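In the UniProt record's numbering, the protein residues as written are 1 to 242.
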């Protein structure tokens, strides 16, 4: 009997130790594979979001991210941003260029998460694990270095990643544009297109500014968040490029 108790203790310790050995980097790597977003690096993805048509073409580091409405097409590539009106390039001032660039980049960035979390500018930190609605999650904080982190390099993200399925069900972030704030996204629906997982979210904000980013999961379970919108992608189409 003592031997069985000893053996059980060894197995329990082994499982616990194995769980603790996973680094933030290893968790993100597993999440990218589990969600199929490793396929995004060579793909053409189109979708509709809030009456705008988006297209993302990525080929081995080269990218063209665009959005279109009526006769206006905005295009962001490795070489920069351009706006076209009826097929002709339009001149915009620097401030407008920055706003549109950030908007396009943000929509495309969120649409294919966790793709992008292994970019060179990304820093990852493993936070203490937690439970939301009785499901166990790894909690990973992501921040960015200034060089290569874009204009919003000061933004901080937290991802709640299922310990069993390695999928992101919740995410939170702080931002500094337009006065700044915090948001907490909750999985609404998910779908699979050509092996890639896409997620729609309920979008919340904290009732008070005092609630810290790291505690937004607790605030969610304690009804201390207010729903402000829904993030829904429509007409998603995926072509994997060779």
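Note that CB positions come from ideal geometry on N, CA and C, so glycine has one too. A quick note: this is a predicted structure, and the numbers were derived from the prediction, not measured.
Could I get the ranges of all uninterrupted beta strand (DSSP E) runs contained in the stretch 29 to 108, with 3 residues as the minimum, in chain order?
Entirely contained in the stretch 29 to 108, the beta strand (DSSP E) runs reaching 3 residues are, in chain order, 42 to 49, 52 to 59, 62 to 69, 72 to 77, 80 to 85 and 88 to 90.
The stretch 193 to 202 / the stretch 63 to 72 touching (three or more Cβ pairs under 8 Å)
Not touching, per the Cβ criterion.
Looking at the secondary structure, which residues open and close the alpha helix (DSSP H) in which residue 216 lies?
One-based indexing of the chain shown puts residue 216 at position 216. Segment 216 to 221, the alpha helix (DSSP H) holding residue 216.
Expressed to the nearest angstrom, what Euclidean distance is found between the alpha-carbon atoms of residue 43 and residue 36?
To locate residue 43, count along the chain shown from 1; it is residue 43. To locate residue 36, count along the chain shown from 1; it is residue 36. When only Cα atoms are considered, residue 43 and residue 36 end up about 12 Å apart.
DSSP three-state assignment for residue 110, whether helix, strand or coil:
Position 110 of the chain shown holds residue 110. Reduced to three states, the DSSP call for residue 110 is helix.
Helix, strand or coil at residue 208 according to DSSP, with G and I counted as helix:
Position 208 of the chain shown holds residue 208. Correct three-state label for residue 208: coil.
Which word fits residue 207, buried or exposed, when buried means at least 16 other C-beta atoms lie within 10 angstroms of its C-beta?
The residue given as residue 207 occupies position 207 in the chain shown. Looking at its Cβ environment, which holds fewer than 16 other Cβ atoms inside 10 Å, residue 207 is exposed.
State yes or no: is the C-beta of residue 142 within less than 8 Å of the C-beta of residue 122?
To locate residue 142, count along the chain shown from 1; it is residue 142. To locate residue 122, count along the chain shown from 1; it is residue 122. Yes, these two residues count as a Cβ contact at 8 Å.
Could you pull out every residue in the same chain whose Cβ sits closer than 8 Å to the Cβ of residue 185, ignoring the five residues on either side in sequence?
As a working mapping, residue 185 is identified with position 185 in the chain shown. The residues are 170, 171, 172, 201, 202, 203, 204 and 231.
So who's on the other strand from residue 162, going by DSSP bridges?
Position 162 of the chain shown, counted from the first residue, corresponds to residue 162. DSSP output for residue 162 lists 137 as bridge partner(s).
Where residue 120 falls: helix, strand or coil (DSSP):
Taking the first residue of the chain shown as 1, we reach residue 120 at position 120. In the structure shown, residue 120 adopts coil according to DSSP, grouped into three states.
Could you please give the first and the last residue of the uninterrupted beta strand (DSSP E) stretch that includes residue 239?
As a first step, residue 239 must be located in the chain shown, where it is residue number 239. Where residue 239 is concerned, the enclosing beta strand (DSSP E) stretches over 234 to 240.
Where do the ends of the beta strand (DSSP E) carrying residue 228 lie?
Working through the chain shown from its first residue, we reach residue 228 at position 228. From DSSP, the beta strand (DSSP E) with residue 228 extends over 225 to 231.
Identify, in the order they occur along the chain, each residue of the same chain with its Cβ nearer than 7 Å to the Cβ of residue 239, setting aside the five sequence neighbours on each side.
Locating residue 239 in the chain shown gives position 239, where the first residue counts as 1. The answer, listed in chain order, is 43 and 44.
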